[in-house]
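Everything below concerns the one structure shown next.
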Amino acid sequence: MSALRLAAVVLAVFTTSLALAQGDGRRSGYQEMGPALQKMQDDDTANPAMLFVQAGAAAWREKAGATGKSCADCHGDAAASMKGVAARYPAFAPEAGRPIDLEGRINLCRTTRQEAAALAPESDGLLAISAYLALQSRGQAIAPPDDPRLAALRAQGADLYKRRQGQLNLSCANCHDDNAGRKLAGVAVPQGHPTGYPIYRLEWQALGSLKRRLRNCVVGVRAEPWPYDATEYLALESHLMMRARGMTMDAPGVRP
Amino acid sequence: MANILVNAPKTAKKGEIVEIKALIMHVMETGFRPGTSGRIIPRNIIEDFTATWNGREIFRMKMSPAIAANPFVSFSAVASESGTIAFRWSGDEGFAAEHRVDITVT
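From first to last, the protein sequence lines stand for chains A and B.
Okay, so the first sequence: first residue is 1 according to my numbering, each after it adds one.
Okay, so the second sequence: first residue is 1001 according to my numbering, each after it adds one.
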């Protein structure tokens, strides 16, 4: 590697971390990682999540369902129409009469607009489209909508975040507020800001949603995980997005 | 067709050492893990990866079940002539994938 290219890489890494630094003590999972993993995430041909983005880009243009429409038929170029969208969810969906997350929005579009079958939670198809959409918000600030219809859900999320559960009797706050930055089994405990979802987690050897990550933590404290369609996840997601408001999206992320 | 990401320079100087990186989507199922039914999931891995430069082999790798899903391979080669670098992956269950990139050597 030439000295010039090395300098360019160093500069790129430096500016990325600068852009991600919030100055208010909040740190994203990206900032907790070592330089090797950060480099892996920053290189779009080394970040395995980009394989799913590639699949998502193809799915975006693929016609589906009884109406024979593709996502692109309504939304056009995702780079323009979907910019910042992933940074705003969960949001209230008037047509469903309830708040939904990004995956919920994708499936709502599929069932109502395309008249296709909903994609299963954590299926490769759903993860691919959400990774493709999340990429369009890379570098954008997390901006949860200022919507009073989300207030109850956010309150429920904030309550769940502080509620102890499981055989270990731990709440989210016990680790991610009280002990963030310290080590658990040799790995840094992050503050738990959802800046990079869906993430390619090396431990999973796969892409996974924020729900899957939350389930991991719930199982980790030896509590019974809620089913995938439970409101609890949506509540926690809404709370976490409020907690991370203004932080920079770095999706799709790589995490250990 | 499998999802593939290849990072190779489009241009190089003659005699220059270029770095080539190839990433492919594959489950790399080891053949040692039981599934939800309790039965062992059959092995499904990529066995061979080769790269050729204008038909001449420049890199070959035999993969094992110990290699993680979505294998990422990085290697270097000496840029000798303009042409096509072709990447081929083959493995269990008749898996075969190919990707080509063009490179101009000056």
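For each residue, glycine too, the CB sits at the ideal point set by N, CA and C.
Asked	Found
Residues bridged to tryptophan 1053 (chain B) [DSSP beta-bridge criterion]	B:Arg1056, B:Ile1085
Meets three-Cβ-pair contact criterion under 8 Å: the stretch 224–238 of chain A and the stretch 1055–1067 of chain B	no
Alpha-carbon spacing of phenylalanine 92 (chain A) relative to asparagine 1007 (chain B), whole angstroms	41 Å
Within the stretch 116–140 of chain A, ranges of the alpha helix (DSSP H) (whole runs, at least 4 residues)	124–135
Closer than 8 Å to chain B by CB, valine 10 (chain A)	Interpretation of valine 10 (chain A) is limited by its pLDDT of 48, a score under 50 that renders its predicted location unreliable; no figure is taken from the coordinates.
Contacts of lysine 1010 (chain B) in chain A (Cβ-Cβ under 8 Å)	Within chain A, no residue comes near lysine 1010 (chain B); the closest Cβ sits about 13 Å away, beyond 8 Å.
For isoleucine 1046 (chain B), the residue or residues it bridges with in DSSP	B:Gly1091
Whole-angstrom distance between glycine 166 (chain A) and proline 48 (chain A), CA atom to CA atom	33 Å
Tyrosine 30 (chain A) versus proline 252 (chain A) - alpha carbon distance	11 Å
Whole-Å CB distance - cysteine 172 (chain A) paired with tyrosine 161 (chain A), under 8 Å assumed	5 Å
Simplified DSSP state of threonine 67 (chain A), which is helix, strand or coil	coil
Nearest to methionine 50 (chain A) (by Cα), restricted to the options A:Arg110, A:Leu127, A:Thr111, A:Met33	A:Leu127
Any chain B beta carbon closer than 8 Å to alanine 46 (chain A)	yes
Same chain, Cβ closer than 6 Å to threonine 1052 (chain B), neighbours up to 5 away in sequence not counted	Ala1086
Beta-carbon contacts of methionine 40 (chain A) that lie in its chain and below 8 Å, excluding the five residues immediately before and after	Ala46, Asn47, Val254
Euclidean distance between Cα positions of arginine 1033 (chain B) and alanine 1022 (chain B)	27 Å
Where the alpha helix (DSSP H) containing lysine 162 (chain A) begins and where it ends	151–162
Contact with chain A by valine 1006 (chain B), beta-carbon distance below 8 Å	yes
Min CB distance arginine 55 (chain A) to chain B below 8 Å	Strictly speaking, residue 55 (chain A) in this sequence is alanine, with arginine absent from that position. Closer than 8 Å: yes.
Close-in-space but distant-in-sequence residues of the same chain around leucine 240 (chain A) (CB under 6 Å, 5 per side omitted)	Pro194
Inter-residue Cα distance where the pair is proline 159 (chain A) and proline 144 (chain A)	Here residue 159 (chain A) turns out to be aspartate, not proline, going by the sequence shown. Each residue's Cα considered, the two are about 18 Å apart.
Contact list for valine 1025 (chain B) against chain A, beta-carbon separation under 7 Å	Note that residue 1025 (chain B) is methionine in the sequence shown here, rather than valine. By Cβ distance, chain A contributes Leu51.
Collapsed DSSP secondary structure at valine 187 (chain A) in the structure displayed	strand
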